[in-house]
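Here the structure is laid out as structure tokens; the discussion comes afterwards.
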Amino acid sequence: MLANTKEGWQLSREVGRVDILVVDDEPANLLALEAVLADLGQNIIRAGSGDEALRRVLETDFAVIIMDLRMPGLSGFEAAQLIRTRARSRTTPIIFLTAADGDGFSATEAYALGAVDYLTKPLVPMILRAKVAVFVELYQKTEALKAAERERAAVAVQESEERLKLAVDIARMGTFDIELLTDVVVMNEPGRVLLGFASTRTTFARVQEHFHPDDRDGVMSRVLAAFEPTGAGTFELEHRIIRPNGEERWLRVRGQTFFTGVGSARKAMRCLGAFLDVTEAKQSEEALRASEEEFRTNFERAGVGKAHADPTTGQLVRVNPAFCALMGYTTDELLKLTIRDVTHPDERDASDERFGALMRGVVPQYAVEKRYVRKDGATIWVRVTATVVRTPAGVPIRACAIIEDITARKRAEAALAEESRRKDEFLAILAHELRNPLAPISNGLELLKMYPAGGPAAEKARTRMDRQLAHLIRLIDDLMDISRVSRGKLELRKDRVTVRMVIENALDAGAPLLESAGHQISVTIPSEPLVLHADAVRITQIVSNLLNNAAKYTPPGGRVELVVEREGDTAVIRISDTGVGLEAEMLPKVFEMFTQAGKTLDRAQGGLGIGLALVKRLVEMHGGTITAESPGLGHGSTFTVKLPLAESTRTLP
1 MLANTKEGWQ
11 LSREVGRVDI
21 LVVDDEPANL
31 LALEAVLADL
41 GQNIIRAGSG
51 DEALRRVLET
61 DFAVIIMDLR
71 MPGLSGFEAA
81 QLIRTRARSR
91 TTPIIFLTAA
101 DGDGFSATEA
111 YALGAVDYLT
121 KPLVPMILRA
131 KVAVFVELYQ
141 KTEALKAAER
151 ERAAVAVQES
161 EERLKLAVDI
171 ARMGTFDIEL
181 LTDVVVMNEP
191 GRVLLGFAST
201 RTTFARVQEH
211 FHPDDRDGVM
221 SRVLAAFEPT
231 GAGTFELEHR
241 IIRPNGEERW
251 LRVRGQTFFT
261 GVGSARKAMR
271 CLGAFLDVTE
281 AKQSEEALRA
291 SEEEFRTNFE
301 RAGVGKAHAD
311 PTTGQLVRVN
321 PAFCALMGYT
331 TDELLKLTIR
341 DVTHPDERDA
351 SDERFGALMR
361 GVVPQYAVEK
371 RYVRKDGATI
381 WVRVTATVVR
391 TPAGVPIRAC
401 AIIEDITARK
411 RAEAALAEES
421 RRKDEFLAIL
431 AHELRNPLAP
441 ISNGLELLKM
451 YPAGGPAAEK
461 ARTRMDRQLA
471 HLIRLIDDLM
481 DISRVSRGKL
491 ELRKDRVTVR
501 MVIENALDAG
511 APLLESAGHQ
521 ISVTIPSEPL
531 VLHADAVRIT
541 QIVSNLLNNA
551 AKYTPPGGRV
561 ELVVEREGDT
571 AVIRISDTGV
581 GLEAEMLPKV
591 FEMFTQAGKT
601 LDRAQGGLGI
611 GLALVKRLVE
621 MHGGTITAES
631 PGLGHGSTFT
641 VKLPLAESTR
651 TLP
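Numbering (the working numbering), first residue to last: 1 to 653.
See the structure below:
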């Protein structure tokens, strides 16, 4: 049975046993530590909290303290800080025990508090025993040196040295003993092999030659400070050495200085210590640091949105700048939201279901297209690829997602679908429009067979057939023109032409339709000759189509107004009507292919819905612009064409 009473400690101390303090708030962990360290044959003193550990330290001195970091009340770090404030325990070795996830562990802070090492749970018993054995033996040796006058203590020192050698050999830890008066250094075999010396006996000056040049000054400054009579007498550091073969290795070193005399006569006589090759650990730390830096760089600088969320609540815990820009939030604002908060209300239930399935392991990952709502209220389309990070036991600890903005693609798809719909509708209209004139023509041919060629019935049939044939020709001409323009095959035959001439030609062409509808038309043209460098046929076609459009979309007895004026170097042709007008949402679309407004009236008058698209392209081919305006349905429309004037505005000869 291990001693846990004050009397037991005293008895065992007399036979060479030392005290080891194990601190953990879990009784099961304390029992486990006792079982692992039992083979060392020392006194294992238990403390169930940081406060109890402080009381134990006040009662006795310990060879080593093994302390858990995470405890209620005083944490391991806090308890260590208080232990270091007591002179007798200032140099007591402390080995911290950390959880596998780190517990917020900081190696730098641990070493600053006097930690000689740290181990992660679950522990490897042999490693723990070997490391503790080293400090047990160092403690025993130190105590024996202090009581060198006693023969019994001298024997204990010899035995301690033998056990220490065995322990450090097992741990492959180097030890050193510096005789400061002679500069002689004695190392153990693992230390000799590590430093590459031929013998375990050398000088301190030769040892220094193996220190890395970049580290030598800093190391010696720390070591020499420990030799000062007024100093603490200890040093702990990590530095590089250069082996004889040129290999660079990292050492973790801890030393204790022993003095003789007191006051002004106090003088450093000897320094004992140990060192451990931590090269692999350093390389692992560097690799981890590089990996973390690479991850941080990839995460922060990614061109697509990236986000991490809590697997239980969906709370956003990490976002990159691209995701912030996409959503219009700052990082701090987004970290106050959940995945559900940024999801479109119509998709939240489906989003929750997918997220839950991912966390439960029903699916390993998913990729979905969904809608998010930006801070400004705008809806955007995104493609979300989500996965989950789990512990080895399968517990989800982090949800990760890549978010790509696909709003432009979705809009393009919608536009293509709308264009496809309009094309289908156009084809149906085209079939209808081409079929409509055929019936009157067919009927007219039958009438011509039945009645004399010069009779009134035959004349009426010919007139109707001429009108329907002209309508067919106009439809086919429009189709051919829009096809040529779309393929870039339409050639303009430009010459000097006056605006007045093309207006008169267009009025002649559009007069029958205007008159048949009983429309009043007013025309205003300035007396000043406005000369264009243009294709007269196409400009006439532009004006004629706009007049026909006004006639078709204006109920019988309406009014159409055509005004021509000059604005600087531009000729302006404005055609207004009192027709059905345009809705506000139709204004940006009215010049698009296969777009029609006022379909009921248009069906009564005929048309394919390509006239305005053709007009716009012909205007642009002449370097001009065309716009549409309307106060709304029932309030008419105004189309304004602006064309650049020729360099000279002289009238045609």
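By construction, the Cβ of each residue, glycine as well, lies at the ideal position given by its N, Cα and C atoms. All values reported here derive from a predicted model rather than from experimental measurement.
Going by DSSP, what residue range makes up the beta strand (DSSP E) through residue i?
i: proline 654; result: Since the displayed the chain opens at 1 and closes at 653, residue 654 lies outside it and no answer follows.
i: valine 36; result: Counting along the chain, valine 36 falls outside any beta strand (DSSP E), though it belongs to the alpha helix (DSSP H) covering 27 to 37.
i: alanine 302; result: Careful: alanine 302 lies outside any beta strand (DSSP E) and carries neither H nor E.
i: alanine 367; result: 365 to 373
i: leucine 532; result: 531 to 534
i: aspartate 214; result: Aspartate 214 -> not in any beta strand (DSSP E); alpha helix (DSSP H) instead, spanning 213 to 227.
i: threonine 391; result: Unbroken run through threonine 391: none, as it is neither H nor E.
i: alanine 80; result: Run containing alanine 80: none in the beta strand (DSSP E); it sits in the alpha helix (DSSP H), 76 to 83.
i: leucine 562; result: 559 to 567
i: arginine 574; result: 570 to 577
i: alanine 198; result: Alanine 198 -> no beta strand (DSSP E), and no H or E assigned at all.
i: alanine 628; result: 625 to 629
i: glycine 611; result: Where glycine 611 is concerned, there is no enclosing beta strand (DSSP E), although the alpha helix (DSSP H) it sits in stretches over 611 to 621.
Give me the DSSP bridge partner(s) of residue i.
i: glutamate 419; result: In DSSP, glutamate 419 forms no bridge with anything.
i: histidine 308; result: Arg318 and Cys400
i: isoleucine 65; result: Leu21 and Ile94
i: cysteine 324; result: Answer is none; cysteine 324 lacks a bridge partner.
i: leucine 237; result: Val253
i: phenylalanine 259; result: Ala268
i: threonine 338; result: Gln315
i: valine 207; result: The partner list for valine 207 (beta bridge, DSSP) is empty, contrary to what the question assumes.
i: phenylalanine 591; result: Looking at the DSSP assignment, phenylalanine 591 forms no beta bridge with any residue, so it has no partner.
i: isoleucine 656; result: One cannot answer for residue 656 here, as it falls past the ends of the chain, which runs 1 to 653.
For residue i, does the count of other Cβ atoms within 10 angstroms reach 16, so buried, or fall short, so exposed?
i: isoleucine 542; result: buried
i: leucine 181; result: exposed
i: leucine 191; result: Position check: residue 191 holds glycine in this sequence, whereas leucine was assumed. So glycine 191 ends up on the buried side.
i: glycine 256; result: Position check: residue 256 holds glutamine in this sequence, whereas glycine was assumed. That one is buried.
i: histidine 635; result: exposed
i: methionine 480; result: exposed
i: glycine 50; result: buried
i: alanine 268; result: buried
i: isoleucine 66; result: buried
i: glycine 568; result: exposed
i: methionine 327; result: buried
i: phenylalanine 639; result: buried
i: glutamine 520; result: exposed
i: proline 93; result: buried
i: serine 637; result: buried
What is the residue span of the alpha helix (DSSP H) that residue i lies within?
i: glycine 510; result: 499 to 516
i: serine 49; result: Note, serine 49: premise wrong, no alpha helix (DSSP H); not H, not E.
i: threonine 202; result: Per DSSP, threonine 202 belongs to no alpha helix (DSSP H); it is in the beta strand (DSSP E), 201 to 203.
i: phenylalanine 135; result: 125 to 146
i: glutamate 189; result: 189 to 195
i: leucine 354; result: The identity of residue 354 in the sequence shown is arginine, whereas the question assumes leucine. Note, arginine 354: alpha helix (DSSP H), 348 to 360.
i: alanine 99; result: Counting along the chain, alanine 99 falls outside any alpha helix (DSSP H), and DSSP gives it neither H nor E.
If you measure from the beta carbon of residue i to each beta carbon in chain C, is any gap under 8 angstroms?
i: aspartate 535; result: You won't find chain C in this structure, because it holds only one protein chain.
Only counting the same chain, and skipping five residues up and downstream in sequence, which positions put a Cβ closer than 7 angstroms to that of residue i?
i: aspartate 310; result: Val317
i: arginine 56; result: Leu21, Ile45 and Ala47
i: aspartate 346; result: none
i: leucine 633; result: Val580, Gly581 and Glu583
For residue i, which residues in the same chain have their Cβ closer than 8 angstroms to its Cβ, ignoring the five residues on either side in sequence?
i: arginine 409; result: Trp381
i: leucine 667; result: Any property of residue 667 remains undetermined from this structure, which presents the chain solely from 1 to 653.
i: valine 15; result: Unreliable placement is indicated for valine 15, whose pLDDT of 43 sits below 50; no coordinate value is reported for it.
i: threonine 391; result: Ile397
i: histidine 212; result: His239, Arg240, Ile241, Ile242 and Glu248
i: leucine 30; result: Val22, Asp24, Arg46 and Gly48
i: leucine 530; result: Thr498, Val499, Arg500, Val564, Arg566, Ala571, Leu645 and Thr649
i: threonine 91; result: Gly114, Ala232, Gly233, Thr234 and Gln256
With residue i and residue j assumed to form a contact (beta carbons below 8 angstroms), what rounded beta-carbon distance in angstroms separates them?
i: threonine 379; j: isoleucine 402; result: Their Cβ separation, rounded to whole angstroms, is 20 angstroms, which puts threonine 379 and isoleucine 402 out of contact at 8 angstroms.
i: isoleucine 20; j: valine 207; result: Their Cβ separation, rounded to whole angstroms, is 31 angstroms, which puts isoleucine 20 and valine 207 out of contact at 8 angstroms.
i: leucine 532; j: leucine 645; result: 6 angstroms
Who are the near neighbours of residue i in its chain, counting only those whose CB is closer than 6 angstroms to its CB and skipping five residues on each side?
i: tryptophan 250; result: Arg240, Val278, Thr279 and Lys282
i: alanine 517; result: Ala551 and Pro556
i: glycine 231; result: Ala225
i: valine 219; result: Phe211 and His239
i: leucine 618; result: Arg538 and Ile542
i: threonine 387; result: Gln365 and Cys400
i: glutamate 369; result: Arg383
Does the ligand SAH have even one heavy atom less than 7 angstroms from the beta-carbon of residue i?
i: methionine 269; result: Because no ligand of any kind appears in the structure shown, any question about the ligand SAH cannot be addressed here.
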